[in-house]
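Chemist: For the sequence shown, this note's numbering assigns the number 938 to the initial residue and increments by one for each residue that follows.
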Amino acid sequence: MVTIERAQTGLRIERNLLKTLKGLAEYLDISLGDLVEGIALHAFEGKAPFSAATMEKIEQLKAVYGLTLTADDAHKLVEK
938 MVTIERAQTG LRIERNLLKT LKGLAEYLDI SLGDLVEGIA LHAFEGKAPF SAATMEKIEQ
998 LKAVYGLTLT ADDAHKLVEK
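(1) Take every Cβ of the region 958–969, pair it with every Cβ of the region 996–1013, and state whether three or more of those distances are shorter than 8 Å.
(2) Look at L965 and L972 and say whether their C-beta atoms are less than 8 Å apart.
(3) Consult DSSP for T946 and reduce its assignment to one of helix, strand or coil.
(4) With DSSP collapsed to three states, give me the class of D966.
(5) Could you check the C-alpha separation between K994 and G983 for me, to the nearest Å?
(6) Could you work out which residue in A1008, E974, H979 and D1009 is closest to D945 when comparing CA atoms only?
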């Protein structure tokens, strides 16, 4: 086990993306922070963070929460 120090932060994130992430964290029985840390650490190493089964669940959650954004939308979002 690795001992770390966490910092509290506030960030703004698209509403349906946040709902989907929260739903996924609940499904995986981990905190939202742990989920985001895991996604980032996998991405930094060029590794896929999710299994095929988890990707299926993500697709279901995206449909439930109306998430239609894709990676192509990254860095191009404009707030109302």
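Even for Gly, the Cβ is constructed at its ideal location relative to N, Cα and C. Quick caveat: nothing in here was measured; it's all calculated off a predicted structure.
Modeler: Taking the definition as stated:
(1) yes
(2) yes
(3) coil
(4) coil
(5) 22 Å
(6) Note on identity: in this sequence residue 945 is Gln, with Asp being the wrong assignment. Among A1008, E974, H979 and D1009, the Cα nearest to that of Q945 is on E974.
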